[in-house]
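Report on one structure; see the data block that follows.
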Amino acid sequence: MDKYRNIIKLKYKNFEFDNKLKSKEKNMSNLIKNILSQEYYQDASAMQLVEFLEETNYNLEGSVLYYQFPIIREFDDGLYYPTFMLVSPMYGVILFLVDSVSRDRNSDLEKLSEKILRIEELIFSRLIKSSNKKLKSGRRNLSFNLSSALFLPNLESDNYEDIEACIIKNHMDLNGFLDEAREQQLDEEVMNEIFSILDSSSAIIKPKERVIEGEEIISKAHILRKLEEEIAVFDSQQKYAALSQLNGPQRIRGLAGSGKTIILCMKAALLHLKYPEKNILYTFMTKSLYDYIELLITRFYKVLGDGNLPDFGNKIHVLHAWGGENVKGVYYSTCKKNDVEPIAFSEAAKSVGRGDAFNYICEQLLEATSGTLNKEYDYVLIDEGQDFKPSFYQICRAIVQNDCLVWGYDDLQNIFDVKMQNTMDTFKNKFGAKGINLAELQKQHLEMDNDIVLHRSYRNPKEILVTAHALGFGIYSDILVQTLENKEHWEDVGYKVNNDEIVAGELIEIERPLSNSPLSVSRYCTSDEIIQYYSASNFDDEVGWIANEIESSIKNDGLRPDDIIVISLDDRHSKGYFNALAALLYSKGIYTNNLSANYYVKGFTEDEKVTLSTVYKAKGHEAAMVFVIGCDVFEAKKNDRVMRNKLFTGLTRAKAWLRISGLEIEEGSLITEFKKVVESGFKLRFIHKEAYVINRDLQEAHIKKAKFRQEINNFIIMLKEAGYTDKEIDTQLNQFIKDSEDKYE
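According to my numbering, the sequence shown is numbered sequentially starting from 388.
Take a look at the structure:
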């Protein structure tokens, strides 16, 4: 059972501040550790300080300890970061600089003192700029403790009175230092603001300016502003995923809207900041993500650093996976750098068809080079990993040093068309490359996670996400088109299975906890307001309804035109839809950005324009209000996985309001299935049948770990809701773990 106590102690960085991980053993501190670098395992003095903090009851409940963070680059003044930063409701913010120095040679102590005091000044400068008055006591002072110390456990001399920084050598020194730092408990608002400033989530793109007529009027604009404020922060799962830096492979899994792109962009910015001499590649499939990715990396880099811009020209390369002569991409550039003639898209499409063209050219590149390529990069980050076949992963691995790959993978984005990723199969090839065993590599760094799962989705309210999954899987269809492998897999993607096990032939009930779909739109709108459909009598009727709904949402509800996307499910008639709709909206004084009119577009949205897009081009994007039109095409292909995947993708672009339309769809399968979702209370109830089951790359140990984490999270939430105090929760949790020993051995 000790290994599961370690899992709890080391892995539960993922709790929110108000669901803090409690102590798992008597007399152990409630410290949450974010060990963000592998250097920790070679730093004996640093590990000793952590041991001191954990062995003694310092009342560290709700405290977070960061290793080598935050990183601050000052203009012409180098890079600064403490060995540890402790953020605590009881002690405020404490910075530790750890060193193994034993004697004061060459003014070592004075240099260390100057360094930690400089770091404290830089952290103070960030915190004092906050507009939150609760963080300040007057104009020039903070309302909470900010202090620093040197931890020098090997220092032999006691003669350091002239050193300005506080020096800690042992338990007794640490006790005295923390006693002096102890203050009145900081409230949750102050803690959240401190975290936001120090972890740089303040760099996440902020809400757009929008006109709101009176705070008492609950308009769509009013609701949207609240939603955008909720999204523009990191939760603790995202924070850990973004800040941890492994010298090796790492996968970040989660549904659409769980924040994978934001996390990867912050990783890129952090790596570029810490290692400005390193070459970094950020690659993806959807061309229209270029501007968004560069914007996010720039914002994070400016906030983390000295305000300078990242070096996109030489050191950090944002490249589409394919590329060509006009717009460079990973495949095209790799061919050129390895003396291989690139294959044009048209040529590849003739050989194998458009759908497999990219995989074909990647395989041909590997064949031409026997899988050996010039290692151009120190780090490679892959976004939209679910869209790539093994051949592209193998190219990325071949061009990066030491397997330093990080990839975001959407657990369900392509679930209807391909199997879930098995990393052993993904990276192994006939040219000698071995598979990557994440579970085995994990054992080398117990306090770091190389396969992070993000359970929360911030893109869609519960009603939209459950509807999309129900329609995508065919839950309420005559034929169950898809399903997941087992109970653990459903829980991985943020659902709760109300059965002990999933057994073929039995009735299964699955629901989505609000904690994993936390957007508050459901508090302001009924499900009938969130999702609406329209069955049109003819083409003009459908286009007219869409235009009127858009006009009303802009003129009466305060949405901006760029808050709205129209997505055509009907590829064949999409140009006809968009041309007619653009003309009608123009007559109403509303402009459009018609992406179907331009094959290659770097961006996606334009200010003050309604976006008109196909499903493919909409991938990776989102909007407050989404119209999925031309849905009558669904009926002829209702048992086709590709069609249901397209529908799922279109529906899940909506952050708040979803509109579905088509010709005479009232009595069709789509609306019939949708009505059953509503009748079920947005739960998934179905007889589990034989269907295309998604293979799940999860070893037995991972299954137990995931299940145990989820049960502890649920247990803490239940106790909170029942009114238990923190001390009572601590006692109950210890007993819960003890009682679970046999179950999870």
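Every residue, glycine too, gets a C-beta built ideally from N, C-alpha and C.
Quiz item: Where does S939 sit, in a helix, a strand or coil, going by DSSP?
Solution: For the purposes of this step, residue 939 is taken as the residue at position 552 of the sequence shown. Three-state result, S939: helix.
Quiz item: Whose C-beta lies closer than 7 Å to the C-beta of E936 among residues of the same chain, with five residues either side of it excluded?
Solution: Sequence index remark: in the sequence shown, residue 936 carries index 549 (1-based). Correct list, in chain order: R1046.
Exercise. Out of I684, L906 and L418, point me to the one whose CA is closest to V451's CA.
Key: The residue given as residue 451 occupies position 64 in the sequence shown. Nearest neighbour of V451 by Cα position, chosen from I684, L906 and L418, turns out to be L418.
Quiz item: Alpha carbon to alpha carbon, how far is L946 from E995?
Solution: In the sequence shown, residue 946 corresponds to position 559, counting from 1. In the sequence shown, residue 995 corresponds to position 608, counting from 1. E995 has its alpha-carbon roughly 10 Å from the corresponding atom of L946.
Exercise. Under 7 Å Cβ to Cβ from L901, same chain only, skipping five residues before and after it: list those, please.
Key: The count along the sequence shown starts at 1 and reaches residue 901 at position 514. By the criterion of a C-beta distance shorter than 7 Å, L901 is surrounded in its chain by K849, once the five residues flanking it on both sides are discounted.
Quiz item: Under the DSSP definition of a beta bridge, which residues are partnered with E898?
Solution: Stepping through the sequence shown from its first residue, residue 898 is reached at position 511. Beta-bridge annotation (DSSP): E898 is paired with K883.
Exercise. Assign Q572 to one of three DSSP states: helix, strand, or coil.
Key: Counting from 1 along the sequence shown, the entry for residue 572 is found at position 185. The three-state secondary structure of Q572, taken from DSSP, is coil.
Quiz item: Given a threshold of 16 other Cβ atoms within 10 Å of its Cβ, counted over all protein chains shown, does R741 qualify as buried or as exposed?
Solution: Numbered from 1 along the sequence shown, position 354 holds the residue referred to as residue 741. R741 is exposed by the Cβ-count criterion.
Quiz prompt | Start-to-end residues for the alpha helix (DSSP H) that takes in V853 | solution = Counting from 1 along the sequence shown, the entry for residue 853 is found at position 466. Counted as a single uninterrupted DSSP element, the alpha helix (DSSP H) harbouring V853 occupies residues K849 to F860.
Quiz item: Run through DSSP, which three-state label would N1030 get?
Solution: Here the question's residue 1030 lines up with position 643 in the sequence shown. Checking the sequence shown, residue 1030 turns out to be Met, not Asn. Annotated three-state conformation of M1030 is helix, per DSSP.
Self-check item: Coarse secondary structure for S1056, derived from DSSP in three states
Solution: Translated into the one-based positions of the sequence shown, residue 1056 becomes position 669. Under the three-state reduction of DSSP output, S1056 falls in the helix class.
Quiz item: Is any heavy atom of the ligand MG found at a distance shorter than 8 Å from the C-beta of L682?
Solution: Of the ligands one can find in the structure shown there are none, so the ligand MG has no counterpart to examine.
Quiz item: Using the C-alpha atoms, what's the distance from E543 back to R492?
Solution: Working through the sequence shown from its first residue, we reach residue 492 at position 105. Working through the sequence shown from its first residue, we reach residue 543 at position 156. Rounded to the nearest whole angstrom, the CA to CA distance from R492 to E543 is 12 Å.
Quiz prompt | 9 Å Cβ cutoff met for S530 and K521 | solution = Here residue 530 refers to the residue found at position 143 when the sequence shown is read from its first residue. Here residue 521 refers to the residue found at position 134 when the sequence shown is read from its first residue. Between S530 and K521, the C-beta gap is smaller than 9 Å, which places the two residues in contact.
Practice problem: Could you say if the stretch 1004 to 1014 and the stretch 1036 to 1043 meet the contact criterion of at least three C-beta pairs nearer than 8 Å? | Solution: Under the three-pair Cβ rule at 8 Å, the stretch 1004 to 1014 counts as touching the stretch 1036 to 1043.
Exercise. Would you kindly report the start and end of the unbroken alpha helix (DSSP H) that includes Q781?
Key: The residue given as residue 781 occupies position 394 in the sequence shown. Counting along the chain, Q781 sits inside the alpha helix (DSSP H) bounded by residues P777 to A785.
Exercise. From the DSSP output, in three-state form, read off H659 for me.
Key: For the purposes of this step, residue 659 is identified with residue 272 of the sequence shown, where counting begins at 1. DSSP places H659 in helix when its eight states are reduced to three.
Self-check item: Buried or exposed by the 16-neighbour rule on C-beta atoms within 10 Å, applied to A656
Solution: What you label residue 656 is simply residue 269 of the sequence shown in a count that begins at 1. So A656 ends up on the buried side.
Exercise. List the endpoints of the continuous alpha helix (DSSP H) containing K723.
Key: In the sequence shown, the residue the question calls residue 723 occupies position 336. V717 to K724 is the extent of the alpha helix (DSSP H) around K723.
Practice problem: Return the chain-ordered list of same chain residues with a C-beta closer than 6 Å to the C-beta of G822, the five sequence neighbours on each side being excluded. | Solution: For this step, residue 822 is matched to residue 435 along the sequence shown. Correct list, in chain order: M811, F814 and K815.
Self-check item: Cβ contact check for the stretch 1047 to 1054 and the stretch 923 to 931: 3 or more pairs under 8 Å
Solution: As far as the Cβ criterion goes, the stretch 1047 to 1054 touches the stretch 923 to 931, which means the pair count is three or higher.
Self-check item: Nonlocal neighbours in the same chain, by C-beta distance under 6 Å from A735, ignoring five residues either side
Solution: Position 348 of the sequence shown holds residue 735. Only A744, Y747 and I748 meet the Cβ criterion.
Quiz prompt | Where the alpha helix (DSSP H) through V908 begins and ends | solution = Counting from one through the sequence shown, the residue named residue 908 turns up at place 521. Element bounds for V908: V908 to Y911.
Quiz item: Going by beta carbon distance, what residues of the same chain come within less than 6 Å of S606, once the five residues before and after it are set aside?
Solution: In the sequence shown, residue 606 corresponds to position 219, counting from 1. Excluding residues within five positions, the ones whose Cβ falls inside 6 Å are D944 and G945.
Quiz prompt | Rounded distance between the beta-carbons of Y796 and L668, thought under 8 Å | solution = Within the sequence shown, residue 668 is the residue found at index 281, counting from 1. Within the sequence shown, residue 796 is the residue found at index 409, counting from 1. Not a contact, Cβ separation roughly 17 Å.
Quiz item: In angstroms, rounded to a whole number, what distance separates the CA positions of T1118 and T721?
Solution: Numbered from 1 along the sequence shown, position 731 holds the residue referred to as residue 1118. Numbered from 1 along the sequence shown, position 334 holds the residue referred to as residue 721. So the alpha carbons of these two residues sit roughly 58 Å apart.
Exercise. Mind checking who G479 pairs with in its DSSP beta bridge?
Key: Locating residue 479 in the sequence shown gives position 92, where the first residue counts as 1. In the DSSP output, where bridge partners are listed per residue, G479 has S475.
Practice problem: Excluding the 5 residues preceding and the 5 following K874 in the sequence, name in chain order all residues of the same chain whose CB lies nearer than 7 Å to its CB. | Solution: Your numbering for residue 874 matches position 487 in the sequence shown. Within the same chain, K874 has close Cβ partners V884, E888 and I889.
Practice problem: Give me the Cα-Cα distance between E441 and F991, rounded to the nearest whole angstrom. | Solution: Position 54 of the sequence shown, counted from the first residue, corresponds to residue 441. Position 604 of the sequence shown, counted from the first residue, corresponds to residue 991. E441 and F991 have their C-alpha atoms roughly 49 Å apart.
Quiz item: Can at least three beta-carbon pairs, one atom from the stretch 971 to 982 and one from the stretch 1027 to 1038, be found at a separation below 8 Å?
Solution: No, they do not touch.
Practice problem: Please look up how many angstroms separate the CB atoms of F818 and L752, rounded, as I've assumed it's under 8 Å. | Solution: Taking the first residue of the sequence shown as position 1, residue 818 is located at position 431. Taking the first residue of the sequence shown as position 1, residue 752 is located at position 365. Not a contact, Cβ separation roughly 11 Å.
Quiz item: Mind checking whether N761 and I786 have CB atoms under 9 Å apart?
Solution: The residue you call residue 761 lines up with position 374 of the sequence shown. The residue you call residue 786 lines up with position 399 of the sequence shown. Yes, these two residues count as a Cβ contact at 9 Å.
Quiz item: Which residues in the same chain as G1055 place their Cβ atom closer than 6 Å to its Cβ, once the five residues preceding and following it in sequence are excluded?
Solution: Residue mapping note: residue 1055 aligns to position 668 of the sequence shown, counting from 1. Annotation for G1055: E1022 place their beta carbon closer than 6 Å to its own, counting only its chain and skipping 5 residues before and after.
Self-check item: For S534: DSSP bridge partner residues
Solution: In the sequence shown, counting from the first residue as 1, residue 534 sits at position 147. DSSP, once it has assigned bridges, lists I481 as partnering S534.
Quiz item: Name the DSSP bridge partner or partners of L452?
Solution: On the sequence shown, residue 452 is found 65 positions in, with the first residue counted as 1. In the DSSP output, where bridge partners are listed per residue, L452 has K420 and L473.
Practice problem: Assign M1012 to one of three DSSP states: helix, strand, or coil. | Solution: Within the sequence shown, the letter at position 625 stands for residue 1012. Strand at M1012.
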